[in-house]
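> Would you mind keeping the following structure in view while I ask a few things?
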Amino acid sequence: MLKVMDELIRRGLNPFDINELDHEHQWERFFLELCGLDFETSYSCLGKVITREVLEYFLDEILNYIHKFKEIVENPILRPKPPLKGSWVADMDDIYIGYQILGLLILYTNARLPFEVYDAILYSTTWEYDKTRMWTEGYVKQRKKNLEIFRNLIIMHKSNEKR
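This is how it looks when you write it as structure tokens:
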């Protein structure tokens, strides 16, 4: 197992549970399907099949997907209107969640970390940014810890990549 994954486990964070960071979106499924993997049958806590080679091969396509989604979010004309009162409407937070999920996959596979992903993760995992998501009082301490661990792992991964 990679040093980064060992560090996650040592600190009490399950690196294979995307819910530890965010669970409200389907980015992980989208990314894996873009890589030609069937999320339901080939990707579980018991046996992940994504490799560094596969992720890096599809990385540009994954980033293009994020860019297209970002374009929709930033352009009110392209953004779909919610069908019902109180329905979910995509915003920039959803884009940053996508970068965070991609960052987890990069850590898992030890793939190269594009600066765009690195920068977006470091921005969106600051407490100043994340606290706007209105976490419950009982979860704030754990959330801050998760963010700090994730940020440090991303920084370590990028600095090791430069050597």
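full-length UniProt numbering puts the sequence shown at residues 1 to 163. Positions of the beta carbon are idealized from the N, C-alpha and C atoms, including for glycine. Since the model is a prediction, treat every value here as computed from it, not as a measurement.
Could you tell me the distance, in whole angstroms, from the CA atom of Tyr108 to the CA atom of Asn75?
33 angstroms
> Mapping the DSSP letters down to three states, classify Ala120 as helix, strand or coil.
In the displayed model, Ala120 falls within a helix according to three-state DSSP.
> CA-CA distance, Asp60 and Pro114?
10 angstroms
> Secondary structure at Asn152, three-state DSSP: helix, strand or coil?
Helix.
> Quick check on Thr125: buried or exposed, where buried means 16 or more other Cβ atoms within 10 Å of its Cβ?
buried
> Quick test of your reading: Leu161 and Arg112, contact by CB under 8 angstroms. State the CB separation rounded to the nearest angstrom.
The sequence as given places Glu at residue 161; Leu does not occur at that position. Indeed they touch by this definition, with Cβ atoms about 6 angstroms apart.
> Is the segment 88–102 touching the segment 116–134 in the sense that three or more CB pairs, one from each, lie closer than 8 angstroms?
yes
> Among residues of its own chain, excluding the 5 on either side of residue 211, which ones have a beta-carbon nearer than 8 angstroms to its beta-carbon?
Here the chain covers residues 1 to 163 and nothing more, so residue 211 does not appear.
> For Trp127, I'd like the list of residues in its chain whose CB is within less than 7 angstroms of its CB, leaving aside the five on either flank, ordered along the chain.
Lys144, Leu147
> Sort Val49, Ile62, Ile50 by Cα distance to Leu34 and report the nearest one.
Ile62
> Locate the alpha helix (DSSP H) running through Tyr99, then write down its first and last residues.
92–109
> Report back the beta-carbon spacing between Ile95 and Ile66 to the nearest angstrom; my notes put them in contact at under 8 angstroms.
6 angstroms
> Which value, in whole angstroms, describes the spacing of the CA atoms of Val54 and Met92?
Distance between Val54 and Met92, taken at the CA atoms: about 27 angstroms.
> Using 10 angstroms around the beta-carbon of Gly103, count the other beta-carbons present and answer buried if the total reaches 16, otherwise exposed.
buried
> Here's the rule: buried if 16 or more other CB atoms are within 10 angstroms of the residue's CB, otherwise exposed. What is His23?
Confidence is the limiting factor: at His23 the pLDDT is only 44, short of 50, which leaves the residue's position unreliable, though a coordinate-based value still follows. Label assigned to His23: exposed.
> Any C-beta of chain B sitting closer than 8 angstroms to the C-beta of Glu33?
Of the protein chains in the structure, only one exists, and it is not chain B.
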